[in-house]
Amino acid sequence: MDVNALSRGQFALMIGFHFLFPPITIGLAWLLTIVEWKAWKTRDPELERLGRFFAKLLALTFAVGVATGIPMEFQFGMNWSRYSKVVGDIFGAPLAAEGVLAFFLESGFLGLYLFGRNKISKGWQVFAILMVAVGATLSAFWIIVANSWMQTPAGFAMANGRAELTSFFDAVFNPSTIQRYTHTVTAALVSGAFFMAGIGAYLLRKNPNDGLARKALQISIPFGLAFSILVAFPTGHEHARQVARTQPVKFAAIEGLYSTKTGAPLVMFALPFTKPPQLKAKIEVPGLLSWMAFGDVNAPVRGISEFPEDQRPPLWLTFVSFHNMVVLGMWFIAAMGWGLIQMWRGKLWTSRRFLLVLIWSIPLPLAACQLGWMTSEVGRQPWIVQGVLRTKDAFSTTLTAPEVIFSLALFTLVYVALGGLYVFLLVKKVKAQASGQSDYAPVAQAEDLSILVAR
Amino acid sequence: MTLPTIWFLLLFVLLIGYAVLDGFDLGVGVLHWFVPRTDAERRLSINSIGPVWDGNEVWLLTGGGALFAAFPAVYAAIFSGFYLALVLLLVALIFRAVAMEFRSKVESPRWRRVWDSLFGIGSLLPGVLLGVAFGNVLRGLPLNADGDFTGSFLSLLNPFSVLVGVLTLVVFVMHGAIYLAMKTEGRMQARARKWIWPTWLLSVVIYIAVTVWATRLAPERFEGITDNPIFWVLGAALLAALIGVPYFACACKDALGKAIVCSGAVIACMIGLAATGLFPNLVPSTTGTINSLTIHNASSTTRTLTAMLVIALVGMPLVLIYTTVIYRAFKGKVTLTEESY
Chain H
87 MDVNALSRGQ FALMIGFHFL FPPITIGLAW LLTIVEWKAW KTRDPELERL GRFFAKLLAL
147 TFAVGVATGI PMEFQFGMNW SRYSKVVGDI FGAPLAAEGV LAFFLESGFL GLYLFGRNKI
207 SKGWQVFAIL MVAVGATLSA FWIIVANSWM QTPAGFAMAN GRAELTSFFD AVFNPSTIQR
267 YTHTVTAALV SGAFFMAGIG AYLLRKNPND GLARKALQIS IPFGLAFSIL VAFPTGHEHA
327 RQVARTQPVK FAAIEGLYST KTGAPLVMFA LPFTKPPQLK AKIEVPGLLS WMAFGDVNAP
387 VRGISEFPED QRPPLWLTFV SFHNMVVLGM WFIAAMGWGL IQMWRGKLWT SRRFLLVLIW
447 SIPLPLAACQ LGWMTSEVGR QPWIVQGVLR TKDAFSTTLT APEVIFSLAL FTLVYVALGG
507 LYVFLLVKKV KAQASGQSDY APVAQAEDLS ILVAR
Chain A
23 MTLPTIWFLL LFVLLIGYAV LDGFDLGVGV LHWFVPRTDA ERRLSINSIG PVWDGNEVWL
83 LTGGGALFAA FPAVYAAIFS GFYLALVLLL VALIFRAVAM EFRSKVESPR WRRVWDSLFG
143 IGSLLPGVLL GVAFGNVLRG LPLNADGDFT GSFLSLLNPF SVLVGVLTLV VFVMHGAIYL
203 AMKTEGRMQA RARKWIWPTW LLSVVIYIAV TVWATRLAPE RFEGITDNPI FWVLGAALLA
263 ALIGVPYFAC ACKDALGKAI VCSGAVIACM IGLAATGLFP NLVPSTTGTI NSLTIHNASS
323 TTRTLTAMLV IALVGMPLVL IYTTVIYRAF KGKVTLTEES Y
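As structure tokens, then:
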């Protein structure tokens, strides 16, 4: 294994693991804003308890998200120093902006929200969680700006061996920023909704009269349905159209279109093969792809064969990750839609089987996020910055393979442990809630009490 | 003042912000091994920084982003050059962050002992590693014509840089001890207080040693420094702040709030003085000044630096305002509530 392959593996591990947590944080922060707002306005004790409970889960998720987020920023310089030198004039600014304009807001107010319950008024409480949600959402914006620039670079000129900024606005609002941002944030909101709905479903299965759990579902299911629809249409659709226009080779790989066609069909199902490029056992709708991408059933869509081989992304992975994401997206609409119908009919609280389905659906939006991210990043290969810099020319030449093997092994161990501990503590917390115990249990010894009492 | 100069300043402002704020967090973490004796006291120690540590760490993240944006060549050279040290730093910061969150979630004393240890190590390593890294930058790094680091990991562990690492640790512990004493009462406060005086003395002794050593190792940093008014202002401020720490922290005065301002100022002045010596270099090269990374040859374009300045001027005042508001909300002694870790 060479430094390039190892560094790519390490980056994939670190971004993949990190990206499990921010979608939950973003979605949950907005849901908690609704919960806290309603609790403030109605003084409903169930809502108040709901807020307290999910605030703890937010804290747990956020902690792992932060812990795994710092390495992300360091990675570029550590493993991708040639990349950093070439694109630093453009790529660094959104990362710094994320800190200044978003992350300070998010983490500062999260501390206030989590620890301030007895120190600040209810109104401030709502404001604090709102700022967490706004901060998290802005944070996503700057990260997507940075990544979108790698997909569809704009607002720069190559000079002095590097990409130099010519227009900050064009670089920030490059041709894919808005489409990718709206799609990613709605996906995060779906993730948060399934997280809250699934945990609510678990609590309801333990106790169908649990008021807290009912509120959780009453809030998260309509929320989840709305954003499950939005994540597909218009945001997903518009993102796909943007890829068709600005990254035709990636689009061809995503859709499994190997030769240029007019009236290109939309592939609903297929088994892709890379060599020779072909789809087997495919089910397709003629003309639909042309129509969806360009609004005309007869519009030509360029196939992969039109592009030189050294510009094609890995076909199999791009195709498979995209199509599985789409399948999951349909599932989200179906699950949340069915949930809403059942709620309407007054049957949701006792639909034990459907509640079980909701529990097992918790990880699915996260899987969809991973698949979407893979589509995006794998589909951009062999470029690290589309058309500007190849991935193979970006890694740090000063590193040796043993160094990266060491760090990759270490991070793998740490992340496996973290993932396991996160799930363990999450389950423990939810179970404690289901059995009606508060998990607030200091190991109080006689001598400690004096400290607790003495103010 | 030119844009690269402004960004040199802002970068050190961010670094100072990080060191002053996360400095006491890390110090409290190291003292976690020594000051608290019971489980409730350990929880008090963690919860004293609970609501703020996360925001404090954002200064590091923002500093890293700003370095990347303003001086990409420096970011690339340092981060790839200090690879293994940074891997350790990252793993330490990961464990430290989750240790606070995970520790109180399970009642078993063994579980808590494990996280207490990881919290301690995770707080000790960042200070030492960042100090060693800073020491290496001060003495200069072997850079080639591409601005790449050509030394080895072991060459980073030279005695001078290790001493700077120890200095950083000791100063952070002093800073943390004052903070912990400020946030606690009774026996725990008394134990935290005992750490202030020895760490102060050590800080002074090591700082003098580091400075004298630096004049031998890297005399270029000191060329013409006595003609620079900033040197005298920072030097005087450092002296005043150093005197202020034991003066305000002593039991007779009992003005820990003022003492922590002084220890924060000590950190700020120490970094400020180092920056004065470095300017206009960011990373001096030991292979000839031609290879040094300076504000001139390592900076981004004027357009990027301007855009970033606008972002900083809009964002940082807001950050300072709400950070102040949040700190005020948690003013006073720390107590354990249902919300605590």
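Quick mapping for you: the protein sequence lines, in order, are chains H and A. For the record, in the first sequence the residue sitting at position 85 is 171 according to my numbering, with numbers rising by one throughout. For the record, in the second sequence the residue sitting at position 15 is 37 according to my numbering, with numbers rising by one throughout. For glycine and all other residues, C-beta sits at the position ideal for the given N, C-alpha and C.
Assign E129/A to buried or exposed, taking buried as 16 or more other Cβ atoms, counted over all protein chains shown, within 10 Å of its Cβ. In the assembly as shown, E129/A is an exposed residue. Its beta-carbon has fewer than 16 other beta-carbons within 10 Å.
Short CB-CB distance (under 7 Å) between N204/H and chain A: Chain A places a beta carbon closer than 7 Å to that of N204/H, counting this residue as a contact.
Output needed for A92/A: all residues of its chain with C-beta closer than 7 Å, excluding positions within five of it in sequence on either side, in chain order. Around A92/A: W29, L33, S321, S322, L327, M330.
Would you report the Cα separation of Q328/H and L260/A, rounded to the nearest angstrom? Each residue's alpha carbon lies about 57 Å from the other.
Anything in the stretch 127-139 of chain A with a Cβ closer than 8 Å to a Cβ of chain H? List those residues in chain order, please. Per Cβ criterion, the list reads K127, V128, E129, P131, R134.
Using the rule of at least 16 other Cβ atoms within 10 Å of the residue's Cβ for burial, across every protein chain shown, is T311/A buried or exposed? Under a 10 Å Cβ-count criterion, T311/A is classified as exposed, with fewer than 16 other Cβ atoms of the shown protein chains found around its own Cβ.
Pick helix, strand or coil for S307/A, following the three-state DSSP scheme. Residue state, collapsed to three classes: strand.
Note down, in chain order, every chain H residue with its Cβ under 9 Å from the Cβ of F352/A. Around F352/A, the beta-carbon contacts reaching into chain H at under 9 Å are G197, L198, F201, G202, K205.
Short of 9 Å Cβ to Cβ, which residues in the stretch 169-182 of chain H face chain A? Taking 9 Å as the Cβ-Cβ cut-off against chain A, the residues of the stretch 169-182 of chain H that qualify are Y169, S170, K171, V172, V173, G174, D175, I176, F177, G178, A179, P180, L181, A182.
Quick check on M429/H: does DSSP put it in helix, strand or coil? M429/H: helix per DSSP, three-state reduction.
Relative to the C-alpha of L146/H, which candidate in T190/A, D76/A, N180/A has its C-alpha closest? Looking at the Cα atoms, D76/A is the closest of the given residues.
For the stretch 102-114 of chain A, which residues have a beta carbon sitting closer than 7 Å to at least one beta carbon of chain H? Answer in chain order: S102, G103, Y105, L106, L108, V109, L112, V113.
Drop a sphere of 10 angstroms on the beta-carbon of T346/A, count the other beta-carbons inside from all chains shown, and report buried for 16 or more, exposed for fewer. Exposed, because fewer than 16 other Cβ atoms sit within 10 Å of the Cβ of T346/A.
For T172/A, which residues of its own chain have a beta-carbon under 8 Å away from its beta-carbon, when the five flanking residues on both sides are left out? Listed in chain order, the non-local C-beta contacts of T172/A below 8 Å within the same chain comprise P164, L165, N166, T309, local neighbours out to five positions each way being set aside.
Taking Cβ positions only, does F97/H come closer than 7 Å to chain A? Not closer than 7 Å to any Cβ of chain A, the Cβ of F97/H fails to qualify, so no.
Confirm, please, whether the CB-CB distance from K355/A to K205/A is below 7 Å. Taking 7 Å as the Cβ cut-off, K205/A and K355/A qualify as a contacting pair.
Taking only runs that begin and end inside the stretch 149-189 of chain A, name each unbroken alpha helix (DSSP H) of 4 or more residues, in chain order. DSSP runs (the alpha helix (DSSP H)) wholly in the stretch 149-189 of chain A: 175-178.
Residues bridged to R357/H [DSSP beta-bridge criterion]: Looking at the sequence itself, residue 357/H is Leu, so the reference to Arg does not match. In DSSP, L357/H forms a bridge with K366/H.
Taking the alpha carbon of R331/H as the point to measure from, which residue in P358/H, F408/H, Q237/H, T360/H has its own alpha carbon closest? Closest option to R331/H, Cα to Cα, is Q237/H.
Contact between the stretch 37-52 of chain A and the stretch 189-206 of chain A is defined here as three or more beta-carbon pairs at a separation below 8 Å; is this criterion met? With the cut-off at 8 Å, the stretch 37-52 of chain A and the stretch 189-206 of chain A touch.
Hey, is P164/A's beta-carbon within less than 7 Å of any beta-carbon in chain H? Chain H, which has no Cβ nearer than 7 Å to the Cβ of P164/A, makes this no.
Per-residue contacts from P73/A into chain H (C-beta, under 8 Å): Simply G197, L198, L200, F201, G202.
Any beta carbon from chain A within less than 7 Å of I537/H's own beta carbon? Note on I537/H: pLDDT 43, under 50, position unreliable in the model; the coordinate value appears next. Contact with chain A is found for I537/H, since one of that chain's Cβ atoms lies less than 7 Å from the residue's Cβ.
Suppose you measure from the CA of L191/H to the CA of I71/A; what does that come to, to the nearest Å? Roughly 17 Å between the two C-alpha positions.
Out of G157/A, I100/A, A281/A, which one is the CA nearest neighbour of L189/A? Comparing Cα positions, the closest option is G157/A.
Could one say the Cβ of R325/A lies closer than 7 Å to chain H's Cβ atoms, at least one of them? Chain H has a Cβ within less than 7 Å of the Cβ of R325/A.
Where the stretch 144-169 of chain H meets chain A: residues whose CB sits under 9 Å from a CB there: Here the close residues are A145, L146, F148, A149, V150, V152, A153, T154, G155, I156, P157, E159, F160, Q161, F162, G163, M164, N165, W166, S167, R168, Y169.
Contact set between G87/A and chain H, taken where Cβ atoms lie within less than 7 Å: Near G87/A (Cβ distances below 7 Å), the residues of chain H are E159, G178, L181, A182, E184, G185.
Helix, strand or coil for M87/H? Go by DSSP, reduced to three states. In this structure, M87/H counts as coil in the three-state DSSP scheme.
Applying the criterion that 16 or more other CB atoms from any shown protein chain within 10 Å of the CB defines a buried residue, is M87/H buried or exposed? Residue environment analysis places M87/H among the exposed positions, since fewer than 16 neighbouring C-beta atoms fall within 10 angstroms of its C-beta.
Given that a residue counts as buried once 16 or more other Cβ atoms are within 10 Å of its Cβ, and exposed if not, what is R439/H? Answer is exposed; the Cβ neighbour count stays below 16.
The stretch 228-247 of chain H touching the stretch 178-191 of chain H, judged by at least three CB pairs closer than 8 Å: Result yes; three or more Cβ-Cβ pairs closer than 8 Å.
Residues of chain H with CB under 8 Å from F90/A, in chain order? Under the 8 Å cutoff, chain H gives E159, F162, G163, S170, G174, F177, G178, L181, A182.
Let me make sure I understand the geometry here. Which of T360/H, V172/H, M416/H, A115/H has the alpha-carbon closest to that of L216/H? L216/H has its Cα closest to that of A115/H, out of T360/H, V172/H, M416/H, A115/H.
Does the beta carbon of F30/A come closer than 7 Å to any beta carbon on chain H? So, not an interface residue.
Please name the residue, chosen from A243/H, S193/H, G241/H, K208/H, that lies closest to L224/H on a Cα-to-Cα basis. Closest option to L224/H, Cα to Cα, is S193/H.
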